[in-house]
Amino acid sequence: MNMSQQGKMRDPSWHSWGQKHSLIKRHPPGLRGKEIGLFYRNQQKKHGKKAKEFKFHLNVPKSIVVTLKNKLQVIAKLTTYQNISLIKKIKDGDEKSTKCVVPEFIEPKKELPCSEDDNSKNSHNSKDIDDYKFIKPNSKPALVYNNKPSTSKLPDFIPVSAEPTTDQGNEPRILSLRGAGDYKYSYEDIITGTFKEKLEECLSKGVKIRETNNEINDLSIALYEDYKDMLKRSSYKKLMQFREKLPTYKKSKDLLDVINNNQVIVVSGETGCGKSTQVPQIILDDAILNNKGANVKILVTQPRRIAALSLASRVAEERAESMGSSVGYAVRLEKIESRERGGIMYCTTGILLVDLEVNQGLTNYSHIILDEVHERDCHIDFAMCMLKEVLKQRKDLKLILMSATIEADKLSSYYGNCPMIHIEGLAYPVKDIYLEEILQLTKFILPVEKRPNTSPWYKQKKISKRLQAIDEKEIQHRAEVGPWVESIRNKVDYEVYKTLLDSRIEVLNIDLIFELLLHICKGDPGAILVFLPGIGDITKLIKQMNRSGHFPSSRYDIHPLHSKLSSIEQRKIFERPPEHIRKIIIATNIAETSITVDDIVYVIDCGRIKCTGLNVEDNISTLQVEWVSQANLRQRRGRAGRCQPGICYHLVTSFRARKLPERFLPELQRSNLLEPVLSIKRLRLGKAADALKLVPDSPAESTIQWAVKHLQQCGALDESERLTPLGWHMARLPLHPAAGKLLLLAALFGCLDRAASLAAVWSFKDPFLLVIGKEREVEIAKRELTLGEPSDHVAMSEAVLRWERLREREGRDFAYRYFLSVNTLELLSDMKKQLGDNLKNMGFLPSGDVKASWENRNADNISLFKAIVAAALYPNIGTVRWTGTRGRNAFKKQMRIKVRTPEDGPIELHPSSVMCAPPHNSGPIRSLCTNPGANWLVYRLKQLSSRLFLLDVTLVYTLPLLFFGELKVIKVSGILRLIT
Numbered sequence: 000m001n002m003s004q005q006g007k008m009r010d011p012s013w014h015s016w017g018q019k020h021s022l023i024k025r026h027p028p029g030l031r032g033k034e035i036g037l038f039y040r041n042q043q044k045k046h047g048k049k050a051k052e053f054k055f056h057l058n059v060p061k062s063i064v065v066t067l068k069n070k071l072q073v074i075a076k077l078t079t080y081q082n083i084s085l086i087k088k089i090k091d092g093d094e095k096s097t098k099c100v101v102p103e104f105i106e107p108k109k110e111l112p113c114s115e116d117d118n119s120k121n122s123h124n125s126k127d128i129d130d131y132k133f134i135k136p137n138s139k140p141a142l143v144y145n146n147k148p149s150t151s152k153l154p155d156f157i158p159v160s161a162e163p164t165t166d167q168g169n170e171p172r173i174l175s176l177r178g179a180g181d182y183k184y185s186y187e188d189i190i191t192g193t194f195k196e197k198l199e200e201c202l203s204k205g206v207k208i209r210e211t212n213n214e215i216n217d218l219s220i221a222l223y224e225d226y227k228d229m230l231k232r233s234s235y236k237k238l239m240q241f242r243e244k245l246p247t248y249k250k251s252k253d254l255l256d257v258i259n260n261n262q263v264i265v266v267s268g269e270t271g272c273g274k275s276t277q278v279p280q281i282i283l284d285d286a287i288l289n290n291k292g293a294n295v296k297i298l299v300t301q302p303r304r305i306a307a308l309s310l311a312s313r314v315a316e317e318r319a320e321s322m323g324s325s326v327g328y329a330v331r332l333e334k335i336e337s338r339e340r341g342g343i344m345y346c347t348t349g350i351l352l353v354d355l356e357v358n359q360g361l362t363n364y365s366h367i368i369l370d371e372v373h374e375r376d377c378h379i380d381f382a383m384c385m386l387k388e389v390l391k392q393r394k395d396l397k398l399i400l401m402s403a404t405i406e407a408d409k410l411s412s413y414y415g416n417c418p419m420i421h422i423e424g425l426a427y428p429v430k431d432i433y434l435e436e437i438l439q440l441t442k443f444i445l446p447v448e449k450r451p452n453t454s455p456w457y458k459q460k461k462i463s464k465r466l467q468a469i470d471e472k473e474i475q476h477r478a479e480v481g482p483w484v485e486s487i488r489n490k491v492d493y494e495v496y497k498t499l500l501d502s503r504i505e506v507l508n509i510d511l512i513f514e515l516l517l518h519i520c521k522g523d524p525g526a527i528l529v530f531l532p533g534i535g536d537i538t539k540l541i542k543q544m545n546r547s548g549h550f551p552s553s554r555y556d557i558h559p560l561h562s563k564l565s566s567i568e569q570r571k572i573f574e575r576p577p578e579h580i581r582k583i584i585i586a587t588n589i590a591e592t593s594i595t596v597d598d599i600v601y602v603i604d605c606g607r608i609k610c611t612g613l614n615v616e617d618n619i620s621t622l623q624v625e626w627v628s629q630a631n632l633r634q635r636r637g638r639a640g641r642c643q644p645g646i647c648y649h650l651v652t653s654f655r656a657r658k659l660p661e662r663f664l665p666e667l668q669r670s671n672l673l674e675p676v677l678s679i680k681r682l683r684l685g686k687a688a689d690a691l692k693l694v695p696d697s698p699a700e701s702t703i704q705w706a707v708k709h710l711q712q713c714g715a716l717d718e719s720e721r722l723t724p725l726g727w728h729m730a731r732l733p734l735h736p737a738a739g740k741l742l743l744l745a746a747l748f749g750c751l752d753r754a755a756s757l758a759a760v761w762s763f764k765d766p767f768l769l770v771i772g773k774e775r776e777v778e779i780a781k782r783e784l785t786l787g788e789p790s791d792h793v794a795m796s797e798a799v800l801r802w803e804r805l806r807e808r809e810g811r812d813f814a815y816r817y818f819l820s821v822n823t824l825e826l827l828s829d830m831k832k833q834l835g836d837n838l839k840n841m842g843f844l845p846s847g848d849v850k851a852s853w854e855n856r857n858a859d860n861i862s863l864f865k866a867i868v869a870a871a872l873y874p875n876i877g878t879v880r881w882t883g884t885r886g887r888n889a890f891k892k893q894m895r896i897k898v899r900t901p902e903d904g905p906i907e908l909h910p911s912s913v914m915c916a917p918p919h920n921s922g923p924i925r926s927l928c929t930n931p932g933a934n935w936l937v938y939r940l941k942q943l944s945s946r947l948f949l950l951d952v953t954l955v956y957t958l959p960l961l962f963f964g965e966l967k968v969i970k971v972s973g974i975l976r977l978i979t
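Heads up: the sequence shown begins at 0 in numbering that gives the first Met the number 0, then just goes up one per residue.
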């Protein structure tokens with residue numbers, strides 16, 4: 000009989016527990032985890048019994064008690080060894096955290112013997128516990144493990160016995176744990192109600208912003224007095240002169256009439272009309288003037304973080320106030336709250352969804368303004384869908400949808416043909432210059448295309464295919480644009496005519512943009528805004544400008560602008576430089592909407608955008624650079640001419656501009672829906688298919704089914720399509736589900752730093768550079784970083800980790816030696832800090848440090864890391880067959896792997912993978928990062944280009960997939976086989 004069984008037989012409290020619960024049936028076989036808990040909860044309700052709390056007595060020597068106070072992990076080991084269920088209570092006022100717990104030691108009134116022979120005498124029933132005095136630790140109300148290494152090594156096994164000790168005061172103590180987090184309640188709350196039910200429950204408690212009493216009336220009067228003081232400030236008067244010129248401010252009366260007489264309105268306006276800054280102020284000021292300011296609070300959403308921050312800053316400046324008075328903002332990991340009543344809050348649309356999760360009725364707000372609705376990302380569509388339900392229950396809530404002209408009619412129709420009001424843009428004219436004229440101005444000529452005359456025989460087939468594809472593209476281009484080019488032949492130079500017929504001119508060309516910048520800088524002063532598709536293009540252009548010597552810092556102020564920059568860096572673009580310095584902002588499409596840089600005179604629009612797409616048949620997501628839509632062209636054009644007449648240079652021909660689509664599909668119709676489905680579950684919107692029918696443009700049903708099945712296979716949803724505990728945590732992270740699962744498992748298993756590096760790479764891009772002509776050297780460098788493992792993921796994470804260790808001293812040399820982008824590495828390092836803050840807010844880390852010692856106790860266990868990667872990427876798996884490992888002269892052969900996936904059959908690895916073998920006889924034999932025993936492979940994504948490839952792979956053994964996946968073991972002819 001083992002020790003746990005002996006303890007149960009000798010402990011009368013254990014018998015009493017069985018007697019008191021004799022009416023409750025034992026759970027049926029086959030239930031697991033959460034299902035068992037729900038079964039017993041229903042049984043207790045059925046018998047009208049309230050579950051009681053039971054504490055087990057544990058005799059712990061004083062030396063062990065000290066260890067418990069310093070190392071909370073020891074508690075888990077003790078309880079496992081003694082087969083004890085620790086008690087966790089919610090302590091009012093504590094921060095919600097699953098790792099922040101308060102040990103409370105219950106000191107007995109009388110001495111209890113420690114002898115093992117007297118264990119039966121040491122037992123107490125639950126009633127005895129009330130007689131003991133609770134003694135809290137003297138230091139803090141919450142004992143938080145601080146992740147600092149201890150001088151004493153944490154034992155793997157702690158024997159708890161009655162052996163005599165030399166400690167004085169070795170009285171036995173009853174140990175209890177009180178959890179400061181409320182994970183179980185929060186999770187059950189998510190899975191046990193619909194959004195409609197929670198909305199009714201929320202509104203039954205009243206709407207806070209509607210409350211009226213003498214105190215609130217006095218507050219309205221005080222707000223009116225503050226408003227009168229604001230009108231007298233010189234800074235307010237100065238900016239009011241600018242505000243009065245804005246088209247939106249001029250329509251204040253019309254706006255107020257429509258808003259006050261309708262629950263929902265659509266405001267459409269040209270870029271630069273001032274609707275984002277003026278509409279909220281017009282509503283608030285009108286309420287204050289009518290002594291109703293204390294019953295108004297306005298929430299304004301923006302699709303991007305930088306827009307929310309910059310608009311809040313601008314409005315606070317216009318009101319001559321510091322941030323946090325009548326204006327505040329809330330973005331991920333950063334928040335300054337405005338006053339509780341009579342205020343304006345700017346936030347991202349994702350923050351609004353978080354509010355709808357916890358306060359379904361939005362009872363703190365009187366007006367909701369959804370800005371830039373025409374972007375139609377997933378968050379905006381979900382917000383519109385949920386607000387439609389809220390408006391049915393809250394007739395006092397006002398919703399203002401602000402959009403470009405193109406979406407106005409559709410939005411009005413979605414909300415029952417609600418009224419629309421249009422606002423014109425500023426009067427400053429903007430001149431459009433297209434590619435054919437730009438080539439004339441810059442005298443830019445494409446370099447002569449080099450075609451290989453000779454090549455090794457093993458490359459000839461590949462090169463032949465590539466040349467054939469180029470020729471086909473050239474023929475297609477000439478057939479499409481030829482008639483138009485002929486029509487303008489007499490209006491342009493011959494060199495321009497030839498260039499327009501070359502298909503390469505429709506590929507993004509950084510050299511052309513550089514020449515155009517030189518041309519603009521020879522003319523009149525004024526800030527320049529350049530639109531590029533991605534961060535890599537921005538970095539390339541800035542490097543070329545710096546190396547050229549034509550853009551010295553004494554005359555030019557150059558700023559990159561993209562979503563990965565810190566808030567402080569992003570704010571620098573709004574600062575005006577001295578008169579003799581020209582500001583140049585090089586941005587992604589983040590600068591298209593909401594943010595306004597007043598001194599922009601020139602805009603260079605590259606005509607491309609990085610856009611997500613979806614192959615619906617194969618459910619393959621893509622992220623490609625594509626032509627912009629006509630709506631994008633108008634938005635970018637509107638960035639110029641805010642303070643004077645402007646010029647917009649479009650790097651597309653006037654012919655191509657007319658052929659562009661009016662707008663892109665909504666994001667829900669061009670994504671694989673993994674993240675949206677998790678959001679649906681977190682927001683309690685029910686079945687995914689039903690919820691997605693309520694959005695303005697529903698995605699394909701087959702895509703919804705695929706997403707649900709995928710999330711069930713990776714453990715985020717159960718068979719009933721409900722969130723699992725793992726899925727609940729994944730839904731709370733602003734990451735792709737695979738990256739979220741990787742981060743959570745790594746935090747639990749103790750290899751967080753490496754996993755956070757990889758999660759950042761998955762969320763952004765890997766740091767390896769593509770150096771033309773040095774592909775072999777890049778491949779060798781990448782394989783060095785694999786630590787001998789058959790894994791792209793190990794190489795990626797190792798690159799980030801090593802660079803961080805050498806960052807201060809030899810970081811640049813390391814990056815150069817291994818063909819790594821320093822800018823990308825810096826961004827990845829910053830992203831890791833954000834991920835640490837996310838885990839801290841969720842209770843997975845006591846601090847936001849992903850490099851903490853305890854969270855990286857298994858940092859050197861690469862096998863564990865690969866197992867966690869396999870768990871995160873499942874069900875993206877394939878089988879592996881090794882070739883070149885046997886037979887005559889096997890040692891001379893190049894080892895290769897052949898991969899099959901359940902969906903596609905035989906499939907190739909992308910050439911960038913460390914596991915992709917070179918062509919036969921292409922040079923010295925190179926061994927793969929090998930262990931031929933690994934017969935499974937996990938991959939991050941499929942990419943469809945010339946053919947279908949697997950990207951970012953790791954070879955794994957069978958056990959990780961058996962533990963973390965859904966592989967089944969069957970017996971065929973006496974042989975055990977694994978099937979997916």
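We put the CB at the ideal spot given by N, CA and C, even for glycine.
First and last residue of the uninterrupted alpha helix (DSSP H) at Thr882: By one-based count along the sequence shown, residue 882 stands at place 883. Not the alpha helix (DSSP H): Thr882 falls in the beta strand (DSSP E), residues 876–882.
Return the CA-CA distance between His421 and Glu406, expressed in angstroms with no decimal places. Position 422 of the sequence shown, counted from the first residue, corresponds to residue 421. Position 407 of the sequence shown, counted from the first residue, corresponds to residue 406. Their backbone Cα atoms lie some 12 Å apart in a straight line.
Outcome for Ala478 when other beta-carbon atoms lying within 10 angstroms are tallied against a minimum of 16: Reading the sequence shown from its first residue, position 479 is the one you call residue 478. Classification for Ala478: exposed.
Could you tell me if the beta carbon of Ser402 falls within a distance shorter than 8 Å of some heavy atom in the ligand ATP? What this structure holds is no ligand at all, so the ligand ATP is not there to describe.
Can you round the beta-carbon distance between Leu218 and Ala293 to whole angstroms, since I take them to be within the 8 Å contact cut? In the sequence shown, counting from the first residue as 1, residue 218 sits at position 219. In the sequence shown, counting from the first residue as 1, residue 293 sits at position 294. Indeed they touch by this definition, with Cβ atoms about 4 Å apart.
Counting only runs of 3+ residues fully inside the region 224–291, write out the beta strand (DSSP E) ranges in chain order. 263–268
Can you have a look at Arg393 and say buried or exposed, based on whether 16 or more other CB atoms are within 10 angstroms of its CB? Residue mapping note: residue 393 aligns to position 394 of the sequence shown, counting from 1. Buried is the call here.
Can you tell me whether Ala831 is buried or exposed? The criterion is at least 16 other CB atoms within 10 Å of its CB, across all chains shown. Locating residue 831 in the sequence shown gives position 832, counting from the first residue. Just to set this straight, residue 831 is Lys in the shown sequence, not Ala. Classification for Lys831: buried.
Counting C-beta neighbours from all protein chains within 10 Å, is the total for Tyr607 16 or more, i.e. buried, or is it exposed? As a working note, residue 607 is residue 608 in the sequence shown. Reading off the sequence shown, one finds Arg at residue 607, where the question assumed Tyr. The residue in question, Arg607, is buried, as its Cβ has 16 or more Cβ neighbours within 10 Å.
Identify which residue in Met401, Leu564, Ile519, Lys227 has its Cα closest to the Cα of Phe550. In the sequence shown, residue 550 corresponds to position 551, counting from 1. The shortest Cα separation from Phe550 among Met401, Leu564, Ile519, Lys227 belongs to Ile519.
Can you tell me where the alpha helix (DSSP H) holding Gln439 begins and where it ends? The residue labelled residue 439 in the question sits at position 440 within the sequence shown. Where Gln439 is concerned, the enclosing alpha helix (DSSP H) stretches over 434–441.
Short of 7 Å in beta carbon distance, which residues of its chain neighbour Glu514, apart from the five on each side in sequence? Order them along the chain. Position 515 of the sequence shown, counted from the start, is the residue given in the question as residue 514. The residues are Thr441, Phe443.
Taking Leu390 and Val263 to be in contact with their CB atoms under 8 Å, please state how far apart those CB atoms are, rounded to whole angstroms. Stepping through the sequence shown from its first residue, residue 390 is reached at position 391. Stepping through the sequence shown from its first residue, residue 263 is reached at position 264. Rounded, the Cβ-Cβ distance is 7 Å, consistent with contact.
Contact defined as beta carbons within less than 8 Å: I believe Gly268 pairs with Val429. What is the distance between those atoms, to the nearest angstrom? Locating residue 268 in the sequence shown gives position 269, where the first residue counts as 1. Locating residue 429 in the sequence shown gives position 430, where the first residue counts as 1. Not a contact, Cβ separation roughly 16 Å.
CB-CB under 7 Å to Leu445, same chain, minus the five flanking residues each way: which ones, in chain order? Translated into positions along the sequence shown, residue 445 becomes position 446. Result list for Leu445: Thr498, Asp501, Arg503, Ile504, in chain order.
In chain order, which alpha helix (DSSP H) runs of at least 4 residues are fully inside the region 361–386? none
Counting pairs of Cβ atoms below 8 Å between the region 756–768 and the region 816–828, do you hit three or more? yes
Check His909 in the structure and name its three-state DSSP category. In the sequence shown, residue 909 corresponds to position 910, counting from 1. His909: coil per DSSP, three-state reduction.
Could you have a look at Ile991 and say whether DSSP puts it in helix, strand or coil? Because the chain is modelled from 0 through 979, residue 991 falls outside the range shown and cannot be assessed.
Does DSSP classify Pro102 as helix, strand or coil? Within the sequence shown, numbered from 1, the residue matching residue 102 stands at position 103. With a pLDDT of 33 at Pro102, under the threshold of 50, the modelled position of this residue cannot be trusted, and the question is left open.
Please list the segments of the beta strand (DSSP E) lying wholly inside the region 777–834, counting only runs of 3 or more residues, in order along the chain. none
Quick one: measure Cβ to Cβ for Leu659 and Ser628, integer angstroms, because I've assumed they're closer than 8 Å. For the purposes of this step, residue 659 is taken as the residue at position 660 of the sequence shown. For the purposes of this step, residue 628 is taken as the residue at position 629 of the sequence shown. That pair is a contact at about 6 Å.
Could you tell me the boundaries of the alpha helix (DSSP H) in which Lys680 lies? The count along the sequence shown starts at 1 and reaches residue 680 at position 681. Residues 673–681.
Runs of alpha helix (DSSP H) wholly within the region 539–624 (minimum 4 residues, chain order): 566–570
Is the number of C-beta pairs between the region 339–347 and the region 634–641 that are closer than 8 Å three or more? no
Sequence-distant residues of the same chain with beta carbon closer than 6 Å to Phe951, five excluded per side: For the purposes of this step, residue 951 is identified with residue 952 of the sequence shown, where counting begins at 1. Before going further, note that residue 951 is Asp rather than Phe in the sequence given. So the list reads Asp791, Arg939, once near-sequence residues are dropped.
Alpha carbon to alpha carbon, how far is Glu224 from Leu827? Give it in angstroms, no decimals. Mapped onto the sequence shown, residue 827 falls at position 828. Mapped onto the sequence shown, residue 224 falls at position 225. Computed Cα separation, rounded: 49 Å.
Which class does Cys201 belong to by DSSP, given the choice of helix, strand or coil? Locating residue 201 in the sequence shown gives position 202, counting from the first residue. Here Cys201 sits in helix by DSSP.
What does DSSP give as the partner residues of Met322 in its beta bridges? Along the sequence shown, read from residue 1 onward, the residue named residue 322 stands at position 323. Answer is none; Met322 lacks a bridge partner.
Give me the Cβ distance between Ser337 and Gly327, rounded to the nearest whole Å; I'm assuming they're in contact under 8 Å. Position 338 of the sequence shown, counted from the start, is the residue given in the question as residue 337. Position 328 of the sequence shown, counted from the start, is the residue given in the question as residue 327. The pair is a contact, with the Cβ atoms about 3 Å apart (cut-off 8 Å).
So, helix, strand or coil for Leu757, using DSSP? On the sequence shown, position 758 is the one that residue 757 refers to. Correct three-state label for Leu757: helix.
Cα-Cα separation between Phe818 and Asp376, rounded to whole angstroms: Counting from 1 along the sequence shown, the entry for residue 818 is found at position 819. Counting from 1 along the sequence shown, the entry for residue 376 is found at position 377. Spanning the two alpha carbons is a distance of roughly 35 Å.
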